[in-house]
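Residue numbers (this note's numbering): 3 to 152.
Beta carbons are placed, not taken as given, at the ideal position from N, Cα and C, and that holds for glycine.
Heads up, the thing below is written out as structure tokens.
So this is what it looks like as structure tokens:
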């Protein structure tokens, strides 16, 4: 199952992102996604926190996250290695609570989520920056079963 299967595109994510090499850095996200058409979503993102690490991030490597169902929500933990222009890497760690916005039908889909959870890994291309926009390509794999994200 993927996030769309569970939520039909209507969900809220509350996420805390940290950087172990910069322990005073913590960024909080509150995200609401609403499907307004078959292939169109409206997303509101509220960001708060502090980050004092490097800003020359050019790619995301070793991206891995785990989802485990907990009643009417998904619990997510994740880790990625952010590549810097110097060739060094910055470890990023996060945890999230994902909640379907329309409780009835979506929660019944969540009840069908694998009890052992899912592990998602992705390969993400280097970031392409053009003025105020960024693009990248990604290819992911979802498999049933929870591995420890470290």
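Residues of its chain near residue i, where Cβ-Cβ distance is below 6 angstroms and the 5 sequence neighbours each way are ignored
i	result
residue 34	14, 46
residue 16	32, 99
residue 116	146
residue 124	65, 140, 142
residue 101	14, 75
residue 97	18, 79
residue 12	36, 37, 103, 104
First through last residue of the beta strand (DSSP E) which encompasses residue i
i	result
residue 168	Residue 168 cannot be examined here, being either before or after the span of the chain that is shown, 3 to 152.
residue 77	75-86
residue 15	13-20
residue 95	91-102
residue 137	135-137
residue 31	28-39
residue 142	140-146
residue 132	130-132
residue 118	No beta strand (DSSP E) holds residue 118; DSSP gives it neither H nor E.
Whole-Å CB distance - residue i paired with residue j, under 8 angstroms assumed
i	j	result
residue 69	residue 119	6 angstroms
residue 64	residue 83	4 angstroms
residue 128	residue 60	6 angstroms
residue 8	residue 112	5 angstroms
residue 26	residue 4	Contact flag wrong, Cβ pair sits at about 34 angstroms.
Reference residue i; option with closest CA among the options
i	options	result
residue 81	39, 121, 11, 32	121
residue 92	114, 58, 133, 71	58
residue 38	10, 26, 18, 54	10
residue 72	36, 144, 85, 114	114
residue 144	36, 67, 85	67
residue 95	133, 41, 62	62
residue 126	85, 135, 134, 133	85
First and last residue of the uninterrupted alpha helix (DSSP H) at residue i
i	result
residue 8	5-9
Residues near residue i by beta carbon distance below 7 angstroms, same chain, minus five either side
i	result
residue 52	26, 27, 28
* With contact counted as at least three CB pairs below 8 angstroms, one residue from each stretch, are the region 37-48 and the region 65-78 in contact? -> Touching, no.
* Are three or more beta carbon pairs between the region 131-151 and the region 20-27 nearer than 8 angstroms? -> No contact exists between the region 131-151 and the region 20-27.
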